[in-house]
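Asks: In the numbering used here, each number is its position in the sequence shown, counted from 1, plus 164. C-beta: ideal position from N, C-alpha, C; glycine also. Model, not experiment: these values are computed from the prediction.
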Amino acid sequence: MKKLILLILAAALFLPSGVIAADPQASPSAVKLDKAEAEAFAAQFFGQKEVKEQLAGALLVIVKDGQVLLNKGYGYADIAAKRPVDADKTRFRLASVSKLFTSAGIMQLAEAGKVDLDKDVQTYLPDLQIPNKTGVPLTLKHLMTHTTGFDNADSLGSDKAYMLKDYLKDMMPTVVRKPGETFRYDNFAFTLQGYIIEKVSGMSFQDYVGKNIFKPLGMDSSSFMFNDEVKQAIATPYDNNLEPVAQIPNVPDNSPQGGMFSTGTDMAKFMLAMLNGGQAGGERFLTEASVKAMERTSVTIHPDIPGIGYAFETNYPKDYNGYRVVEKGGDLSGFHSNLWLLPEQNTGMFLVLNSDKGNLRLPFFEQFMSRYFPKTDAGPAFVKPAPDKQQLLRFEGLYRHLRTPVLRYDITAVDGALIVRDVFGTHTLRQADDLLFYDEEGTPAGFKLNADGDIAYFSYNMTDSWAEKIPEPPVFSDVPVDHPYAKSIYYLVQLGAIPGGTDEFKPDKPVTRGQFLAQIMPMAGFQLSTQPSIFSDTKGSPYEAVIQTAVNYGIVQGLPGGVFGPDQPLTREQAATFIWRMVKISMNADPVKADLKISASPWASEGVQYIVGQRMFGPDVKATGGALDYRPKDPMLNKEAAVLIYKLVQKLF
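1. Do you know offhand how far E491's Cα is from P608's?
2. If you follow the beta strand (DSSP E) that E632 is in, where does it begin and where does it stop?
3. Just tell me which of L812, D759 and A805 has its CA closest to the CA of T788.
4. For V645, which residues in the same chain have their Cβ closer than 7 Å to its Cβ, ignoring the five residues on either side in sequence?
5. Would you identify the three-state DSSP class for I749, choosing helix, strand or coil?
6. In terms of residues, what are the limits of the beta strand (DSSP E) holding N235?
7. Can you have a look at T338 and say buried or exposed, based on whether 16 or more other CB atoms are within 10 angstroms of its CB?
8. Report the start-end ranges of each alpha helix (DSSP H) in the region 219-303 that is 4 residues or longer and not cut off at the edges.
9. Which of helix, strand or coil does DSSP assign to L613?
10. What distance in whole Å lies between the Cβ atoms of F434 and L381, which are believed to be in contact at a cut-off of 8 Å?
11. What residue from V409, E737 and S267 has the CA that sits closest to Y794's CA?
12. Mark G522 as exposed unless 16 or more other C-beta atoms lie within 10 angstroms of its C-beta, in which case mark it buried.
13. For my contact list, V285 and I360 are in at a C-beta cut-off of 8 Å; report their separation, rounded to the angstrom.
14. I'd like to know if the region 539-558 and the region 580-597 are in contact, where contact means that at least 3 CB-CB pairs between them fall below 8 Å.
15. What's the C-alpha gap between A661 and Y573?
16. Does DSSP put E804 in a helix, in a strand, or in coil?
17. Do the region 300-312 and the region 334-349 meet, that is, are 3 or more Cβ pairs less than 8 Å apart?
18. Would you kindly work out how many angstroms separate the C-alpha atoms of I465 and R348, rounded to a whole number?
19. So is T266 buried or exposed if we call it buried at 16+ other beta carbons inside 10 Å?
20. To the nearest angstrom, how far is the alpha carbon of Q712 from that of Q695?
21. Once the 5 residues before and after K786 are set aside, which same chain residues still bring their CB inside 8 Å of it?
22. Determine the direct distance from the alpha carbon of G428 to that of R567, and round the result to whole angstroms.
23. Please report the straight-line C-alpha distance between V720 and Q411, rounded to a whole angstrom.
24. Would you call K633 buried or exposed, if buried means 16 or more other Cβ atoms sit within 10 Å of its Cβ?
25. Rounded to whole angstroms, what is the Cα-Cα separation between F442 and V455?
26. R488 and P507 look like a contact to me (Cβ under 8 Å); what is the Cβ gap, rounded to whole Å?
27. Tell me whether S193 is buried or exposed, calling it buried when 16 or more other Cβ atoms sit within 10 Å of its Cβ.
28. Using CA coordinates, which residue listed in G221, I226, G718 and Q212 is at the minimum distance from F256?
29. Quick check on DSSP: helix, strand or coil for T502?
30. Which class does E447 belong to by DSSP, given the choice of helix, strand or coil?
Have a look at this one:
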């Protein structure tokens, strides 16, 4: 589990390590796509200098009009052994592209009348109880569209081997938002679908998919189990430096949310069947109505904004270059995949990579579309006359990402536009419709109202979740707005790191070790552990889960004697060490040197140097003769913890 660091954040920020130019062969008019052209295009794409520098191995499949135009491997399945990628034999992890097969299984059961997509899923789970605090039924449609309202939507990794039912029992989240109200990418929902398939069909999930999807499609080299046959044929995964990394196990063992293994040959068969209305030769695995239902956008914040179907998604403007594109992407350590379908053009593409270096999927898609399906629309039309600042004030505010709360949008209104600041920089949004805007590059952004007609949600360039508008926090009686730490404190209240709504904040009270971890772990996107605590003094503590999560990720190690001391005051050097380990493990941060008046303990020296060197402190740290007086062994006060976390967020996110 320690290797699975900030996967949510990594997926949200998975950016190319080099800029890849547009297709040099691109032209204003479409080029006819056939076998010879597909082969030439792929050779040109993988021949680009920037692509070759980022490539370990890749598998590319292109189908059109019922034919496989290309099914070919590029680079190496194993660099050291110089084993090339074989499109017929080399297995790749599909990661979340697996979700398409899980939801296809649900659709088959719906066709047979064995499940109702609008019925409470609890009906199909007599041996499992889903806690639901909303009073609104959770349905299969909610599971397939990532709108469950679960408080913990990401399936957790584990060092323990799990069968599906046991995993669900140990990891079951709670429905805390009204199902259907918001979109938040939801791995757990697809794990749960796999078990519903088991309960309704009377077969194991992997056996059901093998019999009812793989067999009729002739997908003889696909599996949801990491068995010996897969292990012998799977590509080696590589990290961002093209160094090999260990294969991660499926958790649970059949992983309906992301555990499928397949080849290019098999994925070609799946795409051809989907483009043929569910028909594969003499076999039909889905009705045409089911295929259309899966591909239809069921949930979107605005009709012109990318949205979600049943497992399918659209991560581009509604019509990319004027063409409807549905897709599914997948990301796991060492493997990154994407499947695109253009249903009206009977065209499909599948690309999978076996390294974390760069992100070749987006450049491939953009170059492919510019050559074969170039732009046909004129782009967005904006509201005229442009609204003034007063008309746009209702959109102003801080918006917190639902999946990774540390990510946020800060939106300010000016005459004629909204200014958005986020992890990617500063953007200008111009209005095209009542709740629809576009930035300088044509990326759409949308807002959603609540029942009272107020702005409640925002969707823009982080496609794995909407963001919720955060109300201005109430003022603490002991932290007036002109308090030197007020900005940090109230910002963290808005992000949910510090509880608001109390009379006092007690800024000069020492923060405890458990309390500090409770502030930083959930906000950074860590899903809380359900494992028993390794410390004797944290069992039953309100901080037990966050402390054990920090242990699992290597952020804390505890105190002598097998204890953690959750209620002990946190020292400033302990806080610095926690933060340093977090950024070092998850962000590969480099050490920083700083001139300190008082040295830290040897075990805390790097952490304190980093915090001070990055100036993550408030006005309590003074300079004396050029050296900074960080006072590493002093207790860290609530206000000092707030400014440390605030500056960490500002620097990294």
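Replies: According to the data block:
1. The alpha-carbon separation between E491 and P608 amounts to approximately 18 Å.
2. Run containing E632: A631 to I634, per the beta strand (DSSP E) assignment.
3. Checked all of L812, D759 and A805; the closest Cα to T788 is D759.
4. Around V645: V639.
5. In this structure, I749 counts as helix in the three-state DSSP scheme.
6. Element bounds for N235: Q231 to D242.
7. By the 10 Å Cβ count, T338 comes out exposed.
8. Counting only runs of 4 or more, we get 263-275.
9. In the three-state reduction of the DSSP assignment, L613 falls in the strand class.
10. Between L381 and F434, the beta carbon gap of about 6 Å places them in contact (Cβ cut-off 8 Å).
11. For the residues V409, E737 and S267, the minimum Cα distance to Y794 belongs to E737.
12. Buried, because 16 or more other Cβ atoms sit within 10 Å of the Cβ of G522.
13. Between I360 and V285 the Cβ distance is about 6 Å, and since that is below 8 Å, they are a contact.
14. Because the criterion of three Cβ pairs below 8 Å is met, the region 539-558 and the region 580-597 touch.
15. Cα-Cα distance, rounded: 16 Å.
16. In the three-state reduction of the DSSP assignment, E804 falls in the helix class, which pools H, G and I.
17. Output reads yes: the region 334-349 touches the region 300-312.
18. Cα to Cα, the separation comes out at about 12 Å.
19. With a threshold of 16 other beta carbon atoms within 10 Å, T266 meets it and is buried.
20. Whole-angstrom Cα-Cα distance: 7 Å.
21. Around K786: L792 and D793.
22. One C-alpha to the other measures close to 32 Å.
23. Roughly 25 Å separates the two Cα atoms.
24. Label assigned to K633: buried.
25. Looking at the sequence shown, residue 442 is not Phe but Gly. Taking the straight line joining both Cα atoms gives about 6 Å.
26. Contact between R488 and P507 holds, with the beta-carbon distance rounding to 7 Å and staying under 8 Å.
27. Exposed, because fewer than 16 other Cβ atoms sit within 10 Å of the Cβ of S193.
28. It is G221.
29. According to the sequence shown, residue 502 is Asn rather than Thr. Three-state result, N502: strand.
30. Reduced to three states, the DSSP call for E447 is strand.
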